[in-house]
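So the structure is just underneath, and the comments pick up after that.
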Amino acid sequence: MKILVTGGAGFIGSNFVRHFLQNRPDDAVLNLDKLTYAGNLENLDSLRSVSRYDFLRGDVSDADFIRSVFEKPFDAVVHFAAETHVDRSIAGGREFIESNVLGTYALLDAARRARVQRFIHVSTDEVYGSLQPGETAHENSPLQPNSPYAASKASSDLVARSFWSTYRFPVITTRCSNNYGPCQFPEKLIPLMITRALRDEKLPVYGDGLNERDWIFVEDHCRAIETLLTSGRPGEVYNIGFGEPVANLEIVRALLRSLNKPESLVEFVADRPGHDRRYALDTRKIRAETEWKPAVGLAEGLARTVEWYLSHPGWVERVTSGEYLNYYDKFYTRRRATLAEI
Ligand code: NAD
Ligand code: TYD
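Numbering of the sequence shown is given in the working numbering, commencing with residue 5 and proceeding in unit increments.
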């Protein structure tokens, strides 16, 4: 099978591409990514000479370009590409609407016209909004997004839904909880805290630090997507999560302990506007319909994540200095305008 992966240079996308090619020796991936600040091709360095892998730079919201990509045949699309950081969406949401809503529409439209047989639309638990203690969101819970990021993802979910209702286009929407693991850009909670603590910098905890997220190790998310690619039912939505919401402060303290750094680094700062208090998912559907279940517990996942950041100081340094942004120009000079080659 040949799949088109969008956003494959980002955190989850790059973990997915590596996982997929490792596990499926007969399959091939074209990674299409705009390379925003969040795209880092160094994450896929190990695949540079793999013939089943190719990279194409491009914007999913450029409808003409996306239509031309589908002149080549693909068996499936896995759509990760998106603007993803809540704080950036609060500062300004236009790019979120362009990439996440218009981009998803352009991709769905082109994939449908090209009669692609399976489309995984990767969404998030943030579309359900903030939940009460003890409450969990199931796939039919109301969409109540609170940040411009969450609103753009909820909008794209509704577009995806309409492609099934209207055209019977075989799209599957996944809503996963907060991911963590190797190659996550250090603007998100866990890598931000690890990289700052390593430099003995203060760790900014929003509000009282008691907001809860259901952290899932990125590899478990990647396995869930691979499973749904082959075994998910078209037109359906699947929640994906670990199942144990944990307070931010608990995560930060666990990271400090494993890095052997003092708790005095924690600094409580002004809360994020519209900050969702609690995310929690009902994941019975994917567990009942497929073999998937998460395999990596929080303690193991955090230890593996800390170990990855400790053993990749060069990656951290190039991301922090901005040098990673030159990777494409350095290594992909022959790959400009490669549409004809893919
Ligand atoms: P990320 O920010 O690390 O990476 C996003 C990637 O998309 C980058 O490589 C970026 O260059 C690319 N991109 C952005 N706009 C694009 C455009 N217009 N055209 C082409 N490429 C574009 O994101 P991530 O954390 O890996 O998240 C991937 C997907 O998973 C997103 O759709 C996100 O909503 C979803 N998700 C993320 C989490 C999480 O905890 N990180 C949880 C659930 C769902
Ligand atoms: P984040 O990683 O931005 O993911 P999301 O907002 O999409 O869930 O944030 C996770 C939690 O950590 C969220 O409750 C906000 C909080 N947070 C902080 O307390 N300090 C920070 O510097 C950041 C980035 C997040």
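Built from N, CA and C at the ideal position, the CB exists for glycine as well.
Model, not experiment: these values are computed from the prediction.
{"Query": "Alpha-carbon spacing of residue 323 relative to residue 189, whole angstroms", "Result": "8 Å"}
{"Query": "Residue burial classification, residue 396 (beta-carbon count within 10 angstroms, cutoff 16)", "Result": "The requested residue 396 does not occur in the structure, where the chain is confined to residues 5 to 346."}
{"Query": "Best match in 113, 275, 80 for proximity to residue 121 [C-alpha to C-alpha]", "Result": "80"}
{"Query": "Near the ligand TYD: residue 196 beta-carbon under 8 Å from a heavy atom", "Result": "yes"}
{"Query": "DSSP-derived helix/strand/coil call for residue 55", "Result": "coil"}
{"Query": "Option nearest residue 185 by Cα separation, candidates 59, 227, 223, 279", "Result": "223"}
{"Query": "Residue 374 classed as buried or exposed, judged by whether at least 16 other C-beta atoms fall within 10 angstroms", "Result": "The chain is shown from 5 up to 346; residue 374 falls before or after that span and cannot be answered."}
{"Query": "9 Å Cβ cutoff met for residue 280 and residue 133", "Result": "yes"}
{"Query": "Residue burial classification, residue 162 (beta-carbon count within 10 angstroms, cutoff 16)", "Result": "exposed"}
{"Query": "Backbone secondary structure at residue 277 - three-state DSSP", "Result": "coil"}
{"Query": "Within 9 Å, strictly: CB atoms of residue 283 and residue 130", "Result": "yes"}
{"Query": "Buried or exposed (CB count within 10 angstroms, at least 16 for buried), residue 49", "Result": "exposed"}
{"Query": "Cβ pair count under 8 Å reaching 3, the stretch 214-229 against the stretch 154-169", "Result": "no"}
{"Query": "Reference residue 210, options 278, 60, 140, 112, closest by Cα", "Result": "278"}
{"Query": "Reference residue 69, options 77, 111, 52, closest by Cα", "Result": "111"}
{"Query": "Residue 215 CB to nearest heavy atom of the ligand TYD below 8 Å", "Result": "yes"}
{"Query": "Stretch pair the stretch 166-177 + the stretch 5-16: three plus CB contacts closer than 8 Å", "Result": "no"}
{"Query": "Host beta strand (DSSP E) of residue 369 (start-end)", "Result": "The structure shown does not extend to residue 369, since the chain is modelled only from 5 to 346, so the question has no answer here."}
{"Query": "Exposure label - residue 318; buried when at least 16 CB within 10 Å", "Result": "exposed"}
{"Query": "heavy atom of the ligand TYD below 8 Å from residue 137 C-beta", "Result": "no"}
{"Query": "Any non-hydrogen atom of the ligand TYD within 8 Å of residue 161 CB", "Result": "no"}
{"Query": "Minimum length 4: unbroken alpha helix (DSSP H) runs contained in the stretch 286-339", "Result": "288-293, 302-314, 317-325, 331-335"}
{"Query": "Alpha helix (DSSP H) segment containing residue 154, residue limits", "Result": "152-171"}
{"Query": "Proximity winner among 64, 96, 246, 293, relative to residue 238 (alpha-carbon distances)", "Result": "293"}
{"Query": "Which of helix, strand or coil DSSP assigns to residue 234", "Result": "helix"}
{"Query": "Spatially closest choice to residue 85 from 92, 100, 93, by CA coordinates", "Result": "100"}
{"Query": "Distance CB(residue 36)-CB(residue 51) smaller than 9 Å", "Result": "no"}
{"Query": "Inter-residue Cα distance where the pair is residue 285 and residue 181", "Result": "8 Å"}
{"Query": "Lining residues of the ligand FAD - beta-carbon closer than 6 Å to any non-hydrogen atom, in sequence order", "Result": "The ligand FAD is absent from the structure shown, which contains only the ligand NAD and the ligand TYD."}
{"Query": "In DSSP terms, what residue 182 is bridged to", "Result": "In DSSP, residue 182 forms no bridge with anything."}
{"Query": "Sheet register partners of residue 132 (DSSP bridge)", "Result": "The partner list for residue 132 (beta bridge, DSSP) is empty, contrary to what the question assumes."}
{"Query": "Under 9 Å between C-beta atoms of residue 103 and residue 151", "Result": "no"}
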